[in-house]
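Notes follow the structure.
Protein chains: 2
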Amino acid sequence: MTTLAIDCMGGDHGLRVTLPACRRFLDAHPDASLLLVGAGEALSGFQHPRATVVHAAEVVAMDDAVEVALRKKKNSSMRVAIQQVKEGKAQAAVSAGNTGALMALARYLLKTVDGIDRPAIAYPLPNAKGGATTVLDLGANVDCNEQHLLQFAVMGSALVSALNGKEQPTVGLLNIGEEIIKGNEVIKRAGELLRSAAAAGDLNFHGNVEGNDIFKGTTDIVVCDGFVGNVALKTSEGLASMIGGFLREEFSRNIFTKVAALAVYPVLAAFKNRVDYRRYNGAALLGLRGLVFKSHGSADDFAFGQALVRAYDAARNNLLDRVQARIAHAKPLLVGPSPDAQPLEAIASE
Amino acid sequence: MTTLAIDCMGGDHGLRVTLPACRRFLDAHPDASLLLVGAGEALSGFQHPRATVVHAAEVVAMDDAVEVALRKKKNSSMRVAIQQVKEGKAQAAVSAGNTGALMALARYLLKTVDGIDRPAIAYPLPNAKGGATTVLDLGANVDCNEQHLLQFAVMGSALVSALNGKEQPTVGLLNIGEEIIKGNEVIKRAGELLRSAAAAGDLNFHGNVEGNDIFKGTTDIVVCDGFVGNVALKTSEGLASMIGGFLREEFSRNIFTKVAALAVYPVLAAFKNRVDYRRYNGAALLGLRGLVFKSHGSADDFAFGQALVRAYDAARNNLLDRVQARIAHAKPLLVGPSPDAQPLEAIASE
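Here is the structure:
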């Protein structure tokens, strides 16, 4: 039996989205059980033999500062969900709440794995090959050094091997050119370190990749500084939204284009399905002594359900052990200067 | 009379693209003349009262190293075109050749303006408002400090005021959140510097922006480190290409979808026109003592023509004087530590 702890109150839509997703997930996964964390009175109506309500009186708001989540709301659904993982009552926690608060609470309660300075957030982005490219860090680890980038590469490899069953996923280092001499000093040193790690059998390093390789699907994993990753992700969201808006506008320009849209509806629906990021919802917080998955805040019940499935697969396939084993194996390369852990205030809120 | 020097041999397609664009440009701009730089025998067939052939025996290849362009090919069409600007025979040079070589030759021949450490490349990207957002740096100024980011902001403002007639264009600082406390140390210091510059009347600073603001069109100008800018640009190209590919595939799946594509052809054509980056072709190399514009290497004759128009507008609207005047005005803020000029080897090739 695999048990997940669900922050039922988080995200833009809260219960309206989380509960239908939980029910569908339970029906589809007979060997899974859920701990539904949130306001007891609101959750009491949810009856299922494999669901247990865990009461939590408070909710971390999408715009709450990290300090509020950490110091004030000690009985929030987000915190109590992570607490279930810490206490061994659940194998993974899932929340659609505020990213900064989730990362801070997860670090505070679960602590990092030996050899990891900074937890990372790994997002799957759809690629032209029909699969997903896992990009990390998309948290907010700004000013990373080469050691951090190696840690991200090792953890990302563990994630993809656990979720996609690919034991030696390829890793690309995000750079401004494919040549070894390209990039800033951190990137050049990271390239050397990743080549050493590949030589030691710690990972399958492809080499430098460029921004367009993320959506081409050149490698399974793309590793970058959290600042660069955040810009790449947000820029992509902006472009996708602009393109989608233009397409909608052109098809709703007048009665003729509206009829045309109806005529090609199956084609547009198939297209929409292929660019549907909801299928890949569920980012992993990696490097902690427990599994936490982050759903997009605006997820609908289908998307939130995908995050549940990813958390479930990660738990069943021992992602935690995989991360620890891979980090332990790469340890000889991870003995660089140990930088201060990032102050919690620096963690980005969503 | 405004005179442009055109590297007719550069780009993926060379003469096949540059010559038709030059002819159309001349026909549309009766007060412009062109210096057509390239192989004399190939250009001699181009007859126009306002076109003069300037012979250059060599061509910088798209994959030539910067050193080859600088030291070996001393009679390349790219170099000779820039030389025309240096000698005052042309007000601007345009090339679709290798970016790294173009930047290196332009720096070497023209030198930078007082107060500028590193020239920048400013790209216009289409935005949801139907205009373009000018992003810089998209050259390869990696490891920028706050002084460089201020220089980019001042130069970008001069460019947009010259090309779009907007005297006080808005500037956004690319970051991972809108709040002042977000970002790495360089970004935070750059934010302070940009606020001081705004207070001194040097520019119209909007504040921090995120990746999605580029395509939203939140500000006229977005300023960032060349590494981050390159990743954002390439990631966007990758996503646009993936989305375009999916749309094409869905419409060519079978005979029914192909007929459907014909039925909605006007709508798809209108959509394609709106996302057509060719309309915005022509990146400015800023901070040099002469105007140089870079066309995309794969530009067709329409796109190359747009780059000619941008160079012509910049020359007519005294972009060079505007940059120098704005930099001189911002001088009190530009007295930070003067870092070493970037070594030419570090400049990215396209």
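Each protein sequence line maps, in turn, to chains A and B. The first sequence maps to residues 63 to 412 in this note's numbering. The second sequence maps to residues 63 to 412 in this note's numbering. A virtual CB, placed ideally from N, CA and C, is assigned to each residue, including glycine.
Which of helix, strand or coil does DSSP assign to valine 233 (chain B)?
The sequence position of residue 233 (chain B) within the second sequence is 171, counting from 1. The answer is strand: DSSP assigns valine 233 (chain B) an E or B state.
For histidine 358 (chain B), count neighbouring Cβ atoms within 10 angstroms of its own Cβ and tell me buried if that reaches 16, exposed if not.
For the purposes of this step, residue 358 (chain B) is identified with residue 296 of the second sequence, where counting begins at 1. Answer is buried; the Cβ neighbour count reaches 16.
Neighbourhood of lysine 173 (chain B) by C-beta distance below 6 Å, restricted to the same chain and skipping five residues each side:
Stepping through the second sequence from its first residue, residue 173 (chain B) is reached at position 111. So the qualifying residues of the chain are Arg351.
Valine 122 (chain A) - containing alpha helix (DSSP H), residue span
Within the first sequence, the letter at position 60 stands for residue 122 (chain A). That residue, valine 122 (chain A), is in no alpha helix (DSSP H); it is neither H nor E in DSSP.
Residues in its own chain within less than 7 Å of serine 138 (chain A) by CB, not counting five upstream and five downstream?
If you number the first sequence from 1, residue 138 (chain A) lands on position 76. Contacts found: Ala118, Glu120, Val121, Val122, Ala131.
Looking only at its chain, what residues have a beta carbon closer than 7 Å to the beta carbon of alanine 83 (chain A), apart from the 5 residues adjacent to it on each side?
Position 21 of the first sequence, counted from the first residue, corresponds to residue 83 (chain A). These residues qualify, in order along the chain: Asp363, Phe366, Gly367, Leu370.
State the start and end residues of the unbroken alpha helix (DSSP H) segment that holds phenylalanine 364 (chain B).
Along the second sequence, read from residue 1 onward, the residue named residue 364 (chain B) stands at position 302. Annotation for phenylalanine 364 (chain B): the continuous alpha helix (DSSP H) segment containing it runs 363 to 378.
Since threonine 319 (chain A) contacts valine 321 (chain B) with CB under 8 Å, what's their CB separation in whole angstroms?
Within the first sequence, residue 319 (chain A) is the residue found at index 257, counting from 1. Within the second sequence, residue 321 (chain B) is the residue found at index 259, counting from 1. Contact doesn't hold; Cβ gap of about 17 Å is too wide.
Pull up the distance between the alpha-carbon of alanine 331 (chain A) and that of histidine 268 (chain B), whole angstroms please.
Within the first sequence, the letter at position 269 stands for residue 331 (chain A). Within the second sequence, the letter at position 206 stands for residue 268 (chain B). The straight-line gap from Cα to Cα measures roughly 39 Å.
What residue range is occupied by the uninterrupted beta strand (DSSP E) comprising phenylalanine 267 (chain A)?
Residue 267 (chain A) sits at position 205 when you count from the first residue of the first sequence. Start and end: 266 to 271.
Aspartate 89 (chain B), enclosing alpha helix (DSSP H) - first and last residue:
Position 27 of the second sequence, counting from 1, holds the residue named residue 89 (chain B). Residues 77 to 90.
Start and end residues, beta strand (DSSP E) containing histidine 117 (chain B):
Start at 1 with the first residue of the second sequence, and residue 117 (chain B) comes out as number 55. Its beta strand (DSSP E) spans residues 113 to 117.
Any beta carbon from chain A within less than 8 Å of isoleucine 317 (chain B)'s own beta carbon?
Within the second sequence, the letter at position 255 stands for residue 317 (chain B). Judged by the 8 Å Cβ criterion, isoleucine 317 (chain B) is not in contact with chain A.
Leaving out the 5 sequence neighbours to the left and right, which residues in its chain are closer than 7 Å to glycine 102 (chain A) when beta-carbon positions are compared?
For this step, residue 102 (chain A) is matched to residue 40 along the first sequence. Excluding sequence neighbours, glycine 102 (chain A) sits near Val115, His117.
Reducing DSSP to helix, strand and coil, say where glutamine 404 (chain B) ends up.
In the second sequence, counting from the first residue as 1, residue 404 (chain B) sits at position 342. The predicted position of glutamine 404 (chain B) is uncertain, since its pLDDT is 46 and thus under 50; a value taken from the coordinates is nonetheless stated next. Coil.
Residue of B:Ile178, B:Pro231, B:Glu241, B:Asp69 minimising C-alpha distance to glutamine 213 (chain B)
Position 151 of the second sequence, counted from the start, is the residue given in the question as residue 213 (chain B). The shortest Cα separation from glutamine 213 (chain B) among B:Ile178, B:Pro231, B:Glu241, B:Asp69 belongs to B:Ile178.
Tyrosine 327 (chain B), enclosing beta strand (DSSP E) - first and last residue:
By 1-based counting over the second sequence, the position of residue 327 (chain B) is 265. First-last for tyrosine 327 (chain B): 327 to 336, but that is the alpha helix (DSSP H), not the beta strand (DSSP E).
Provide the residue span of the beta strand (DSSP E) that contains aspartate 383 (chain B), from first to last.
As a working mapping, residue 383 (chain B) is identified with position 321 in the second sequence. In this chain, aspartate 383 (chain B) is not harboured by any beta strand (DSSP E); it is covered by the alpha helix (DSSP H) spanning 381 to 392.
Chain-ordered chain B contacts of phenylalanine 214 (chain A) [CB-CB under 7 Å]
On the first sequence, position 152 is the one that residue 214 (chain A) refers to. Ordered by position in chain B, no residue passes the 7 Å Cβ test against phenylalanine 214 (chain A), which lies about 15 Å from the chain.
Can you give me, in chain order, the residues of the region 287 to 298 of chain B that have a beta carbon less than 8 Å from any beta carbon in chain A?
Gly288, Phe289, Val290, Asn292, Val293, Ala294, Leu295, Lys296, Thr297, Ser298
Own chain, CB closer than 8 Å to glycine 273 (chain A), minus 5 neighbours either side, in chain order
Stepping through the first sequence from its first residue, residue 273 (chain A) is reached at position 211. Leaving aside the five residues that flank glycine 273 (chain A) on each side, the residues in its chain whose CB is nearer than 8 Å to its CB run, in chain order, Leu236, Ala294.
Cβ-based neighbour list, alanine 260 (chain A), same chain, cut-off 6 Å, excluding 5 preceding and 5 following:
The count along the first sequence starts at 1 and reaches residue 260 (chain A) at position 198. Within the same chain, and ignoring the five residues on either side of alanine 260 (chain A) in sequence, the residues whose Cβ sits closer than 6 Å to its Cβ are Phe267.
For isoleucine 283 (chain B): DSSP bridge partner residues:
Position 221 of the second sequence, counted from the start, is the residue given in the question as residue 283 (chain B). Beta-bridge partners assigned by DSSP to isoleucine 283 (chain B): B:Thr196, B:Val233.
My assumption, with CB atoms under 8 Å, is that glutamate 344 (chain B) sits in contact with alanine 373 (chain B). Please give the rounded CB distance.
Within the second sequence, residue 344 (chain B) is the residue found at index 282, counting from 1. Within the second sequence, residue 373 (chain B) is the residue found at index 311, counting from 1. According to the sequence as given, residue 344 (chain B) is glycine; it is not glutamate. With a Cβ gap of about 7 Å, glycine 344 (chain B) and alanine 373 (chain B) count as contacting.
Determine the closest residue to leucine 77 (chain B) out of B:Gly100, B:Ala67, B:Asn203, with distance taken between C-alpha atoms.
Taking the second sequence and counting its residues from 1, the one referred to as residue 77 (chain B) is at position 15. It is B:Gly100.
What does the alpha-carbon distance come out to for the pair methionine 124 (chain A) and leucine 256 (chain B)?
Against the first sequence, residue 124 (chain A) aligns to sequence position 62. Against the second sequence, residue 256 (chain B) aligns to sequence position 194. Going from the Cα of methionine 124 (chain A) to the Cα of leucine 256 (chain B) covers about 29 Å.
Check the Cβ-Cβ distances between alanine 410 (chain B) and every residue of chain A, and say whether any is below 8 Å.
By one-based count along the second sequence, residue 410 (chain B) stands at place 348. Note on alanine 410 (chain B): pLDDT 39, under 50, position unreliable in the model; the coordinate value appears next. Interface residue, yes.
Contact check, aspartate 391 (chain A) vs aspartate 264 (chain A), beta carbons under 8 Å
For the purposes of this step, residue 391 (chain A) is identified with residue 329 of the first sequence, where counting begins at 1. For the purposes of this step, residue 264 (chain A) is identified with residue 202 of the first sequence, where counting begins at 1. Strictly speaking, residue 391 (chain A) in this sequence is histidine, with aspartate absent from that position. It is a contact, given that the beta carbons lie within the stated cut-off.
Which residue's Cα is closest to the Cα of valine 147 (chain B): B:Thr161, B:Leu171, B:Val197?
Residue mapping note: residue 147 (chain B) aligns to position 85 of the second sequence, counting from 1. The candidate whose alpha carbon is nearest that of valine 147 (chain B) is B:Leu171.
Under 8 Å between the Cβ atoms of isoleucine 283 (chain B) and glycine 234 (chain B)?
Along the second sequence, one-based indexing puts residue 283 (chain B) at 221. Along the second sequence, one-based indexing puts residue 234 (chain B) at 172. Their beta carbons are under 8 Å apart, which means isoleucine 283 (chain B) touches glycine 234 (chain B) by this criterion.
Buried versus exposed, by CB contacts within 10 Å (16 or more), glutamate 312 (chain B)
Numbered from 1 along the second sequence, position 250 holds the residue referred to as residue 312 (chain B). Buried: at least 16 other Cβ atoms inside 10 Å.
On the CB-based measure, 16 or more other CB atoms within 10 Å of its CB, does aspartate 126 (chain A) come out buried or exposed?
In the first sequence, counting from the first residue as 1, residue 126 (chain A) sits at position 64. When all chains shown are included, aspartate 126 (chain A) counts as buried.
Less than 8 Å between the C-beta atoms of valine 175 (chain B) and glutamate 208 (chain B), yes or no?
As a first step, residue 175 (chain B) is located in the second sequence; it is residue number 113 there, counting from the start. As a first step, residue 208 (chain B) is located in the second sequence; it is residue number 146 there, counting from the start. Not in contact: valine 175 (chain B) and glutamate 208 (chain B) (Cβ atoms no closer than 8 Å).
Residue range of the beta strand (DSSP E) that includes alanine 346 (chain B):
Here residue 346 (chain B) refers to the residue found at position 284 of the second sequence. Where alanine 346 (chain B) is concerned, the enclosing beta strand (DSSP E) stretches over 345 to 348.
Does the pairing of the region 302 to 309 of chain A with the region 214 to 222 of chain A give three or more beta-carbon distances under 8 Å?
no
Spatial distance of alanine 190 (chain B) from phenylalanine 277 (chain B) (CA atoms)
Here residue 190 (chain B) corresponds to residue number 128 of the second sequence, with the count starting at 1. Here residue 277 (chain B) corresponds to residue number 215 of the second sequence, with the count starting at 1. Approximately 6 Å, taken between the alpha carbons.
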